[in-house]
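Residue numbers (the numbering used here), protein chains in the order written: chain R, 610 to 901; chain A, 5 to 467.
Data block below; observations after.
Right, here's the structure in full:
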């Protein structure tokens with residue numbers, strides 16, 4: 610293949626912008642995390658792991674790691690599983706009439722900003738005047754009421770529910786696009802003629818054939834869950850205490866409230882490393898497809 | 005097609021040139037020696053000393069009074085400036101993103117880039133010290149001398165903005181934080197006297213709970229965390245006294261073994277059952293809202309809550325009362341201050357000094373503080389200028405006892421790195437009152453953030 614100057618430019622311009630804006634900044638953050646920048650004025654003296662050592666000593670840091678893992682497991686798992694079932698059900702002949710309505714219904718949350726949904730949900734979660742508890746009490750289901758995000762033991766799970774609600778529609782759309790291929794349709798039809806049950810079709814034919822879509826979806830969800838910030842910021846601000854704090858929020862607080870810029874950069878590095886680990890399975894899959 | 009490919013179009017050449025320039029700029033920037041930020045500072049200072057008259061009459065100012073209520077106070081400030089110096093052109097928050105935290109984010113970026121505004125709002129205490137340590141503020145001792153400002157305000161207030169013997173900013177108000185607001189009609193109805201000690205507070209709380217089972221005796225909102233530390237502050241103040249309070253936050257107390265800190269926490273845990281339990285979801289104004297709506301009877305909050313209660317239609321002395329808490333062993337006012345200084349390398353230093361002269365004047369302080377909810381920094385302003393009896397009484401007390409003012413942990417004595425983490429620990433205490441766990445957390449925070457060295461700049465009384 611011969612490359613023209615236009616081709617090279619089309620390749621070069623985005624590459625340079627990405628390099629400057631993204632990768633140079635990532636490298637810069639790495640460097641800052643090893644510097645002695647504490648306080649308002651930049652201080653680029655290299656001090657090695659000094660601020661990492663402080664960070665690892667903080668209880669808050671380990672609470673954040675635990676919470677981020679909860680987000681990764683509880684936020685992503687149910688969203689992906691429910692999305693697979695929902696996408697499959699919406700493709701069945703018997704649900705075709707409602708498909709558009711249901712898809713719009715579950716897609717609306719994805720169109721809203723986290724700031725908006727966060728505000729709505731904190732209003733619903735409010736324990737003594739909030740929507741959910743008020744409705745439960747009115748329906749004589751008082752035993753079902755909960756303290757929601759004000760209870761340190763369960764607050765994290767109620768927060769991940771917001772994530773689930775917001776990302777479900779988005780996940781279904783991604784899976785639907787990989788379900789709607791001609792060869793998959795033909796296979797499903799053939800299996801149906803052979804008398805396979807719907808469940809059997811789902812597990813033996815549909816899921817193995819949309820592995821790529823599922824992998825992309827899970828990678829996207831994992832990364833969204835890992836960098837979660839807005840939901841926590843709006844609904845609990847990390848509270849009660851710091852029981853729902855996450856790495857991204859701590860990064861913000863360490864940098865701009867505590868003026869520990871090196872620690873903030875260090876937390877950014879930790880998030881970066883976790884993100885790298887998460888995308889490894891996807892990368893392996895992609896490489897196998899291209900070169901395998 | 006192949007003909008076209010060989011011809012190089014002008015737009016192509018231009019884009020190549022742009023890319024090369026960008027790359028060259030990047031390489032040049034990367035090879036620059038560090039600490040380039042210092043260069044503009046020097047240049048501007050010389051310009052200012054040699055040719056002071058050529059300066060543009062412009063004032064670039066950063067402040068976080070952008071929300072409702074506070075916006076009006078900011079307008080009052082700028083009206084005072086305009087009536088004194090009509091020629092000054094005001095450039096307010098020139099970068100989008102006002103309000104508290106985001107204000108600091110934008111300001112930090114400007115300062116790090118060596119492009120400071122002329123002046124910005126800062127609390128006295130640790131926040132101010134962070135700017136001084138960073139070399140972003142110019143000492144203004146001569147201006148203080150000219151205005152005789154040290155004689156005009158309480159000495160502890162002057163100490164809040166003095167680092168290493170130099171004055172750095174001009175305070176325009178004092179916020180007192182240890183004030184207990186209560187529902188006056190309810191207290192009259194139940195025949196209760198507003199509490200002045202921890203014992204009385206617990207007794208009143210018990211009486212309210214008995215008489216009104218659906219009402220929480222004390223409102224609290226810990227979403228922003230600092231609210232929780234306010235309540236503990238009052239308890240520390242009564243348990244240990246004012247000098248202990250200062251010593252504690254200067255890191256001079258061994259928290260791990262200290263009986264006073266433990267006792268304050270233990271007494272606080274006695275109060276927890278009477279506190280609104282869903283505090284984690286509420287901000288300070290929402291917690292005051294619980295008192296207005298009748299869901300709670302009292303709330304411990306700063307002077308700024310007066311404005312909130314009034315905005316909800318409550319009249320001081322009629323629907324709600326207020327008093328400093330605790331009043332034993334002595335009546336201490338814990339407070340912090342909003343202030344403005346002069347940036348090092350400010351683009352318009354002379355205009356900025358005119359602004360600071362206005363900040364120090366009663367012409368600015370009276371309308372601003374009355375609107376915003378603080379107390380007057382100047383002691384020579386008539387306390388009766390306040391419309392409400394609460395601040396009239398507080399200002400009179402301050403006027404007669406200026407030495408009873410202490411910089412609070414909020415404003416703060418200890419560095420911000422510590423203070424933020426301390427708030428989290430105390431907010432967690434209200435969710436799960438574990439005395440031993442909190443003591444060891446707080447003790448390790450004092451150590452981790454090196455409070456003893458970082459807070460050594462602050463002095464109060466003999467401490």
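For every residue, glycine included, the Cβ atom is placed at its ideal position computed from N, Cα and C.
Source: prediction; values computed, not measured.
query, result
"So, is the C-beta of residue 799/R closer than 9 Å to a C-beta in chain A?", "no"
"Can you list, in chain order, the residues of the stretch 856–873 of chain R whose Cβ is nearer than 7 Å to any Cβ on chain A?", "862, 865, 866, 867, 868 and 869"
"In the DSSP output, which residue or residues are listed as bridge partners for residue 320/A?", "324/A"
"Along the chain, where does the beta strand (DSSP E) that runs through residue 177/A open and close?", "177–180"
"For residue 648/R, go through chain A and note every residue whose CB falls closer than 8 Å to its CB, in chain order.", "134, 137 and 138"
"For residue 252/A versus residue 430/A, is the C-beta spacing smaller than 9 Å?", "no"
"For residue 447/A, I'd like the list of residues in its chain whose CB is within less than 7 Å of its CB, leaving aside the five on either flank, ordered along the chain.", "259 and 260"
"What's the call for residue 705/R, buried or exposed, on a 16-neighbour Cβ count within 10 Å?", "exposed"
"Contact defined as beta carbons within less than 8 Å: I believe residue 826/R pairs with residue 780/R. What is the distance between those atoms, to the nearest angstrom?", "6 Å"
"If you draw a straight line from the alpha carbon of residue 241/A to that of residue 412/A, how long is it in whole angstroms?", "11 Å"
"Along chain A, which residues have their Cβ under 8 Å away from the Cβ of residue 625/R?", "23, 26 and 27"
"Inspect the beta-carbon positions of residue 740/R and residue 732/R and report whether they are closer than 9 Å.", "yes"
"Hey, is residue 67/A's beta-carbon within less than 9 Å of any beta-carbon in chain R?", "no"
"Is there a Cβ of chain A sitting closer than 9 Å to that of residue 848/R, yes or no?", "yes"
"For residue 220/A, collect the residues of the same chain with a Cβ closer than 6 Å to its Cβ; drop the 5 residues on either side in sequence, then sort them by chain order.", "280 and 300"
"Does any residue of chain R have a CB that is nearer than 9 Å to the CB of residue 18/A?", "no"
"Given 8 Å as the limit, is there contact between the stretch 853–867 of chain R and the stretch 287–301 of chain A, that is, 3 or more CB pairs closer than that?", "no"
"If we call anything under 9 Å between Cβ atoms a contact, is residue 642/R one with residue 652/R?", "no"
"Pull up the distance between the alpha-carbon of residue 819/R and that of residue 893/R, whole angstroms please.", "16 Å"
"Measure the alpha-carbon distance for residue 203/A versus residue 284/A and round it to whole angstroms.", "26 Å"
"Would you mind reading off the limits of the alpha helix (DSSP H) that contains residue 263/A?", "263–275"
"If you draw a straight line from the C-alpha of residue 145/A to the C-alpha of residue 440/A, how long is it?", "46 Å"
"Determine the direct distance from the alpha carbon of residue 138/A to that of residue 775/R, and round the result to whole angstroms.", "43 Å"
"Restricting to runs no shorter than 4 residues, where is the alpha helix (DSSP H) found entirely within the stretch 401–462 of chain A?", "420–435, 439–452 and 455–458"
"Take residue 772/R and list the residues in its own chain whose beta-carbon comes closer than 6 Å to its own, dropping the five residues that flank it on each side.", "684"
"Take residue 151/A and list the residues in its own chain whose beta-carbon comes closer than 7 Å to its own, dropping the five residues that flank it on each side.", "361 and 364"
"Could you check whether residue 319/A and residue 378/A sit closer than 9 Å to each other, using their CB atoms as the reference points?", "no"
"At 7 Å on the CB atoms, spell out the chain A contacts of residue 836/R, in chain order.", "Neighbours of residue 836/R on chain A: none; closest Cβ ~18 Å, over 7 Å."
"Report the neighbours of residue 462/A on chain R: residues whose CB is nearer than 8 Å to its CB, in chain order.", "Chain R residues near residue 462/A: none, gap ~17 Å exceeds 8 Å."
"If you check the beta carbons only, do residue 416/A and residue 463/A fall under 9 Å apart?", "no"
"Given 8 Å as the limit, is there contact between the stretch 268–279 of chain A and the stretch 832–840 of chain R, that is, 3 or more CB pairs closer than that?", "no"
"Determine which residues share a DSSP beta bridge with residue 187/A and list them.", "324/A"
"Within a Cβ cutoff of 6 Å, which residues of the same chain sit near residue 800/R, ignoring the five residues on either side of it in sequence?", "810 and 814"
"Quick one: measure Cβ to Cβ for residue 165/A and residue 175/A, integer angstroms, because I've assumed they're closer than 8 Å.", "6 Å"
"Just tell me which of 89/A, 215/A, 34/A and 172/A has its CA closest to the CA of residue 125/A.", "172/A"
"With 9 Å as the threshold, decide whether the Cβ of residue 807/R is near any Cβ in chain A.", "no"
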